[in-house]
Amino acid sequence: MLGPLPQSPPLSDSVNEAKNEAKKLPDIPCEIWILIAQLIPDHVLWDLRSLNSAFFQAAMDSRYREISLFDACLDEKGWTKTLEYWERLR
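Have a look at this one:
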């Protein structure tokens, strides 16, 4: 017969330990993260954009490298939507 399951430490202790461990790790300079981001495929980088500001900026640069408004200009409704886009970009 099996004995009782061991109790895990309270969550607050685990969280504090994780924070302490994270403080021990050296900070990686943003320039290094930018170099790492250049090695990651765009579709993967988009999923990693919330990890740090370098990944976020690289993902945005990749995603919005080119904006095409041509398709939206084909009819009157599209033209109105295009003008709305330009207003937001301004």
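Numbering (my numbering), first residue to last: 4 to 93.
For every residue, glycine included, the Cβ atom is placed at its ideal position computed from N, Cα and C.
Contacts around residue i, its chain only, beta-carbon distance under 6 Å, and the 5 residues preceding and following it disregarded
i, result
"Ala62", "Leu48, Trp49, Arg52"
"Cys33", "Ala57"
"Glu87", "none"
Element boundaries [alpha helix (DSSP H), containing residue i]
i, result
"Ser65", "56-66"
"Asp50", "45-50"
"Ile31", "Per DSSP, Ile31 belongs to no alpha helix (DSSP H) and is neither H nor E."
Contact belief for residue i with residue j at Cβ below 8 Å, rounded distance in angstroms
i, j, result
"Trp36", "Phe58", "7 Å"
Reduced DSSP secondary structure (H/G/I, E/B, other) of residue i
i, result
"Leu92", "helix"
"Leu86", "helix"
"Glu20", "helix"
"Leu42", "coil"
Own chain, CB closer than 8 Å to residue i, minus 5 neighbours either side, in chain order
i, result
"Ser65", "Asp45, Leu48, Trp49"
"Gln41", "Ala61"
Proximity test, residue i beta-carbon vs the ligand ATP heavy atom, cut-off 7 Å
i, result
"Leu51", "The ligand ATP is not part of this structure, which contains no ligands at all."
Close Cβ partners of residue i (< 7 Å) along its chain, the five nearest in sequence each way excluded
i, result
"Asn55", "Trp36"
"Glu90", "none"
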